[in-house]
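Everything below concerns the one structure shown next.
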Amino acid sequence: MTAPQTTDGKPQDTEPKGTDWYRKSVDQTLADLQTSAQGLSPDEAEARLLRVGPNALPAKEVDPLWLRLARHFNDVLIYILLAAAVATALMGHWTDTLVILLVAVINAGIGFFQENKAEKSLAALRGMLSSTAHVVRNGKKIEMDAAQLVPGDIVILRPGDKIPADVRLFDVHHLQVEESMLTGESLTVGKHADALDKEALLADRTNLGYSGTNVSAGNARGVVIETGPATELGRINKLIANVDEGETPLLRQIAELGKRIFQLIIGMMVVLFVIGFFWHDYPFGELLLSLISLAVASVPEGLPAIVSIILSLGVQRMAQNKAIIRKLPTVETLGAMSVICSDKTGTLTMNEMTVKSVLLANGLYAVEGQSYEPKGRITFGSTSDELDWSQHAALADFIRAVDICNDSSLQLNEEGRWGVVGGPTEGALKVLARKANLPEIEFQKFGKIPFDSAYKYMARRCDVAGQSLVYLKGAPDVLLRMCQQQLGASGVEPLDREYWEREMSFIAGQGLRMLAAAYKPVQPDDGVIDHEDVQAGMIFLGVAGLLDPPRPEAIEAIALCKRAGIQVKMITGDHPDTAVAIAGMLGMGNDLRAMTGQELEQADDSQLKALAMQYSVFARTSPEHKLRLVRALQANEEVVGMTGDGVNDAPALKQADVGIAMGIKGTEVTKEAADMVLTDDNFSTIAGAVREGRRVYDNLKKTVLFILPTNMAQGLLIVMAILAGAVIPLAPLQILWMNMATSTTLSFALAFEPGEPGMMRRPPRNAKESILNGFAVWRVLYVGGLLTAAAFLLEAWMVSNGQDTDHIRTMILHTLVTAQWAYLFNCRLQEEFSLNTALLRNGALLTVTLALILLQCFVIYVPFMQTAFHTVALPFSGWLISLGIGIAVFFAVELEKLVIRRWKASRG
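Numbering (this note's numbering), first residue to last: 596 to 1503.
Quick look at the structure:
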């Protein structure tokens, strides 16, 4: 078979674009793809491969190492330092140049090594594709590299296979496919070959197989309809690649702070140059060095390093609490998170089916217990007593039926956790049988009819306690049509269809999935069974109500999030009724309603912006729906967290402000697209991460309030000296020493401050609010003024005593450092008195105090440091004077706190 040619001689596209393949018959699909059940010829396959490309996802280009490093120099504050380095080099001050450049490189280096060094999500996604495929070409079965598949190829699917491309299925035999990574559905999907006569969402396209999903049972053949980027997995790949990761609130605020400082510095330098050069007749070189000192003094060089250190410590604390942070700023963003969009299956629920009730002709039985652990009572009515099986024989018959007509098994793994081999629904029925602990009876299994979605039941021929029976289990509506009788408390009786439909409607309203069982006695024979044996004479036994139960810890976590002002929204591919029922059990609210994916598609972006805030449950959603919902919430200026474990969650996780992946059940794609990975798959870990995020942000704000007053004081000293035409109180390198060595050392202690009381009972902070609000600006001005006044008074006193310039500068340097150490204790609490009992729990305060003393001795008394930094040895009296000024600053700030507390109290 040769490819059709266009008028210019090029191969014609044989795959209609935008085709709803699931609505076409097998014959029509084969005709459209110009192939047959015998497969393509090698020549035709090669021609198509040249045209459509390999069955692989495109690799994402990675920026070179030098470019990623260079980005960390792209900061206005770094520009000031680099300009100062160039100016000092031109003036021949090489020591100053070297130290300034070293500071800039250290800051860039910290950022570079803390960032995520490579984008791995697309590589992980490519790894999900099958490596080999069983293909029919020219009527011969061959095994080949899955990357060589093309549309029109015929593939053979067997249990355990990973489907190598998107296929239209035919010749289907009991095929079950696990698609939860794409659809969010916890159950395997039964497949068939019949065309669907109406539009269907991805989860309902039961005649298609999707690339990357797994065959759990049965076999089939399929014709390849899409490969590589055109598959459903390829669409998700494109969604991930096209998501732009926005800046976190902290990075935006730090960038804005840097711009304001830059504008202030440039303005001051221009004004002071005019005043110094034209008014005071400063020599140009001396004036330029003074302005460089001003620039260096006003730039908080230590701030980027301190931010990275505090975030890194937060990352370490979270890792100890089962939350792995992949991107540093995520720690702070967690503190501002106002909405959590959570996938249901495996995140809020156990992803393990559990029988919660059994409906029989005589009433409803409740089943206790969670997950696959075979513990839990079975109760009837209002009594909680253990069942007397002689009084509940009908229930015993139902349980034996679903236990024997069952291909799964229950087992205990090495970690002591119960699991099932087989489908989750059948596994749940095995767990029910273990909970019942029925008296043992002898039985023997013979022939069976395997479950198939085409007829929606499974049958088993067996001998039970010497009686020949046929057991049947499957969809309740199907089994009811096959039964004319039911098993009641007193024996077999006519079927009460109205009763069953009424009661099953009640069960469905609780969000439970249903599975029915029936039986009939038969004559002993060779044990063979076919469909004719179950079409009549069956006796209806009852219905099991199954649930993928909520995680108990998720219920507590959602309550905690509510108290912290964080909304929780469920976004799932599951059925709306099931989603609403689970949401109610999780305590997400009363009178809940679900918005479906179809309703979501009909809403434009402006409508969805409002609907996203109104609804708490979104069901039957696709990856695009989840992505739109996250964007709609972000359009409402919400800081959005998105949790998930399937590939279908990855684009939304990457778009969200905080993408949260499940570490145990999550796919590698989801983990690599996320900002945070929960190693215990525990939703409550998110609440702990939010608490840590709020603590980190509080400590970052305390750090800013600690560093900026010192920079302000240094800048004011230089400004006032130039205005007065006096000698500059501090040299550029002395300023750098103070900013990097002491600020970084002392700020380290604030990173270990415990969280403030009531931290998780206040609403999320406004992510747009500046880290320097009105109170913070006042505190910076007040403390900066105190430090400036203290330094000038000290300088005036020392000048009057005839001290030389180096001695005065050393004394001012040491006094500002000591006053900054005293102010560190003020910063522990913004408004309360700082010397409380919590002070003793922060051992870092003592550590940084000792480190600061050693550093100051190093710069003041070591000869080569004296030469480099223009310092001289100070007498012990100089230390006492500096300590006295520091204590005075501490009590002046505490007095200001007292005034503010009383003023606020007077205003109620």
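Glycine residues also receive a C-beta, built at the ideal position from the N, C-alpha and C atoms. These numbers were taken from a predicted model, which means no experiment stands behind them.
Fill in: As assigned by DSSP and simplified to three states, the class of GLU1219
helix
Practice prompt. Please classify ILE999: does DSSP put it in a helix, a strand, or coil?
Written response: helix
Item to complete: Give the C-beta separation of ALA1417 and VAL1494 to the nearest angstrom, bearing in mind that I take them to be a contact with Cβ-Cβ under 8 angstroms.
Response: At roughly 19 angstroms, the Cβ-Cβ gap does not stay under 8 angstroms, so ALA1417 and VAL1494 are not in contact.
Worksheet entry | Integer-rounded CB distance, given that THR1274 should sit under 8 angstroms from PHE919 | Checking the sequence, you will find Ile at residue 919 rather than Phe. Contact between ILE919 and THR1274 holds: their C-beta atoms lie close to 6 angstroms from each other, under 8 angstroms.
Worksheet item: Around the C-beta of ALA1500, are 16 or more other C-beta atoms found within 10 angstroms, so that it is buried, or is it exposed?
Response: Exposed, because fewer than 16 other Cβ atoms sit within 10 Å of the Cβ of ALA1500.
Practice prompt. Following the continuous alpha helix (DSSP H) through GLU927, name the residue where it begins and the one where it ends.
Written response: 925 to 931
Worksheet item: Of the choices HIS987, ALA1023, ASP983 and LEU982, whose alpha-carbon is the least far from that of ASP1002?
Response: ALA1023
Worksheet entry | Proximity below 8 angstroms, CB of LYS1248 to CB of ALA1268 | Rather than Lys, the amino acid found at residue 1248 in this sequence is Leu. Taking 8 angstroms as the Cβ cut-off, LEU1248 and ALA1268 qualify as a contacting pair.
Discussion item. For GLY817, list the residues DSSP reports as bridge partners.
Written reply: VAL750 and LEU764
Practice prompt. Measure the Cβ-Cβ separation of ASP761 and GLU827 and say whether it is below 8 angstroms.
Written response: yes
Discussion item. Counting C-beta neighbours from all protein chains within 10 Å, is the total for ASN946 16 or more, i.e. buried, or is it exposed?
Written reply: buried
Discussion item. Output needed for SER725: all residues of its chain with C-beta closer than 6 angstroms, excluding positions within five of it in sequence on either side, in chain order.
Written reply: Here SER725 scores only 48 on pLDDT, less than 50, and its place in the model is too uncertain to base an answer on.
Worksheet entry | Same chain only: Cβ atoms within 6 angstroms of GLN1229, ignoring 5 sequence neighbours per side | VAL1235
Practice prompt. Would you tell me roughly how many angstroms separate the C-alpha atoms of ALA728 and GLN1130, rounded to the nearest one?
Written response: Pairing ALA728 with GLN1130, the inter-Cα distance amounts to about 39 angstroms.
Worksheet entry | Status (buried if at least 16 other CB within 10 Å, exposed otherwise) for CYS1156 | buried
Fill in: First and last residue of the uninterrupted alpha helix (DSSP H) at ALA1054
According to the DSSP assignment, ALA1054 belongs to no alpha helix (DSSP H) but to the beta strand (DSSP E) extending over 1052 to 1059.
Item to complete: Between the Cα of PRO1116 and those of GLY1086, LEU1064 and ALA1149, spot the shortest distance and give me the residue it belongs to.
Response: LEU1064
Item to complete: Using a threshold of 8 angstroms, state whether the C-beta atoms of ASP992 and LEU1075 are closer than that.
Response: no
Discussion item. Quick check on the burial criterion: 16 or more other C-beta atoms within 10 angstroms. Buried or exposed for CYS1452?
Written reply: exposed
Practice prompt. Quick one: using the 10 Å Cβ neighbour count with 16 as the cut-off for buried, is GLN633 buried or exposed?
Written response: exposed
Fill in: Neighbour-count burial assignment, TYR1456, 16 or more Cβ in a 10 Å radius
By the neighbour-count rule (16 or more Cβ atoms within 10 Å), TYR1456 is not buried but exposed.
Item to complete: Starting from the C-beta of ALA1487, find all residues in its chain whose C-beta is less than 6 angstroms away, skip the five residues before and the five after it, and write them out in chain order.
Response: Leaving aside the five residues that flank ALA1487 on each side, the residues in its chain whose CB is nearer than 6 angstroms to its CB run, in chain order, LEU1381.
Item to complete: Decide if the stretch 963 to 979 is in contact with the stretch 1304 to 1311; the criterion is three or more beta carbon pairs, one per stretch, under 8 angstroms apart.
Response: no
Practice prompt. Ignoring anything shorter than 3 residues or poking outside the stretch 1052 to 1132, list the beta strand (DSSP E) runs there in chain order.
Written response: 1052 to 1059, 1062 to 1069, 1078 to 1083, 1086 to 1089 and 1108 to 1116
Worksheet item: By DSSP, does LEU959 sit in helix, in strand, or in coil?
Response: strand
Item to complete: Take ASP998 as the anchor and find which of ASP1143, GLN1039 and ALA1391 has the nearest alpha-carbon.
Response: GLN1039
Worksheet item: So LYS1499 is in the beta strand (DSSP E); what residue range does that whole segment cover?
Response: Here LYS1499 belongs to no beta strand (DSSP E); instead the alpha helix (DSSP H) covers 1471 to 1501.
Practice prompt. Output the boundary residues of the alpha helix (DSSP H) element that contains PHE1278.
Written response: Taken as a continuous stretch (DSSP letters only), PHE1278 belongs to no alpha helix (DSSP H), as it is neither H nor E.
Item to complete: Decide if ASN1185 is buried, meaning its Cβ has at least 16 other Cβ atoms within 10 Å, or exposed.
Response: exposed
Discussion item. Measuring only from the beta carbon, is ASN1294 closer than 7 angstroms to any heavy atom that is part of the ligand PLP?
Written reply: As far as ligands go, the structure on display features none, and thus does not contain the ligand PLP.
Worksheet item: Skipping 5 residues on each side, what residues in its chain have a beta carbon closer than 6 angstroms to that of GLY747?
Response: Only residues of its own chain outside the window of five on either side were considered, and among them LEU628, THR630 and LEU635 have a CB closer than 6 angstroms to the CB of GLY747, listed in chain order.
Item to complete: Give the straight-line distance between the Cα atoms of ASN1368 and PHE1471, rounded to the nearest whole angstrom.
Response: Taking the Cα positions, ASN1368 is about 41 angstroms away from PHE1471.
Item to complete: Using the Cα positions of LEU777 and ASN1243, report the straight-line distance between them to the nearest angstrom.
Response: 5 angstroms
Item to complete: Go ahead and label ASN1361 buried or exposed: buried means 16 or more other beta carbons lie within 10 angstroms of its beta carbon, across all protein chains shown.
Response: exposed
Worksheet item: Got a sec, what are the start and stop residues for the alpha helix (DSSP H) MET1406 sits in?
Response: 1400 to 1421
Item to complete: Using alpha carbons as the reference points, say which of GLY1397, LEU1318, VAL1443 and GLU1010 lies closest to VAL1412.
Response: VAL1443
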